[in-house]
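All residue numbers for the sequence shown refer to our numbering, where the first residue is 177 and numbers rise by one.
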Amino acid sequence: MIQVRTPPKRDEAPTVFVVDDEDSVRSSLRWLLESIRLQVETFDSAEDFLARVPDDRPGCLVLDVRMHGMSGPELMDRLKELGISMPIIFLSAHGDVPLAVRAMKGGALDFLQKPYNNQQFLERVRQALDLDASRRSQRQQHGDTASRIDGLSGREREILDLVIGGQSNKVIGRALGISYKTVEAHRARLMRKMGVSSFAELMQVVLAFRGRASG
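Written out as structure tokens, the structure reads:
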């Protein structure tokens with residue numbers, strides 16, 4: 177069974193994590209984000225962020241590029257090594273094209289230069305939080321499907337593979353050396369265990385699961 181992180185509780189509010197080594201920037205961003213009732217936590221270094229933030233809290237990361245110690249891009253790389261997926265918005269007063277390209281190729285949602293436009297910044301933060309929520313929902317669905325597949329018997333898994341392969345009950349029966357009615361019974365049980373009510377829904381769930389697992 178594929179291992180997936182346990183998603184946060186549904187009522188856990190997302191947090192905007194701000195990492196910047198300038199006090200004035202941290203204060204300004206906190207005020208701006210809290211003005212639209214977002215939960216904010218600030219950190220004066222990448223090392224401080226890594227030391228204090230649990231690895232699966234919902235939210236997004238607003239990250240300065242150049243800081244004392246570990247830089248913003250280095251923190252992004254470190255989070256990837258740790259398997260922590262969080263939408264990142266970079267802020268920099270020293271932004272240049274190569275650095276922006278590296279940030280975007282590394283998976284950053286956006287790269288904004290200081291001084292930033294407040295409205296544009298808030299729009300990007302909302303997009304980042306929406307993206308994080310969407311990813312978490314997909315991981316939840318993936319985990320649910322993995323658990324359901326893990327709960328199938330060996331015979332049910334064989335039949336599932338043949339059903340997904342487009343084989344009829346008669347063909348499946350001949351391939352497995354069992355009767356048509358036995359195939360029907362197994363198929364009905366695996367549909368119940370998978371929590372689906374139609375062949376089309378079964379195909380959609382399993383193919384989406386396998387596509388995500390292979391990706």
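The beta carbon of each residue, even a glycine, is placed where N, CA and C say it ideally should be.
It should be emphasised that the depicted structure is a prediction, and the values quoted were computed from it without experimental measurement.
- With contacts defined as CB atoms closer than 8 Å, M262 and L237 qualify as a contacting pair.
- L214 and V192 have their C-alpha atoms some 7 Å from each other.
- For V241, the three-state secondary structure derived from DSSP is coil.
- When beta bridges are read from the DSSP output, F375 appears opposite no residue.
- Assignment of alpha helix (DSSP H) within the segment 241-308, counting only whole runs of 4 or more residues, yields 248-257, 273-281 in chain order.
- According to the DSSP secondary-structure assignment, F219 is paired through a beta bridge with V195.
- G235 has T191 as its beta-bridge partners, per DSSP.
- When C-alpha distances from D197 are compared across S374, E223, A384, L352, the shortest belongs to E223.
- Taking the CA atoms as reference points, G282 sits about 10 Å from E250.
- Of the residues assessed, H244 falls on the exposed side of the cut-off, its CB having fewer than 16 other CB atoms within 10 angstroms.
- Residue nearest to A304 within the set F375, P234, V195 is P234 (criterion: CA-CA distance).
- A residue is called buried once 16 or more other Cβ atoms fall within 10 Å of its Cβ, and F287 is buried on that count.
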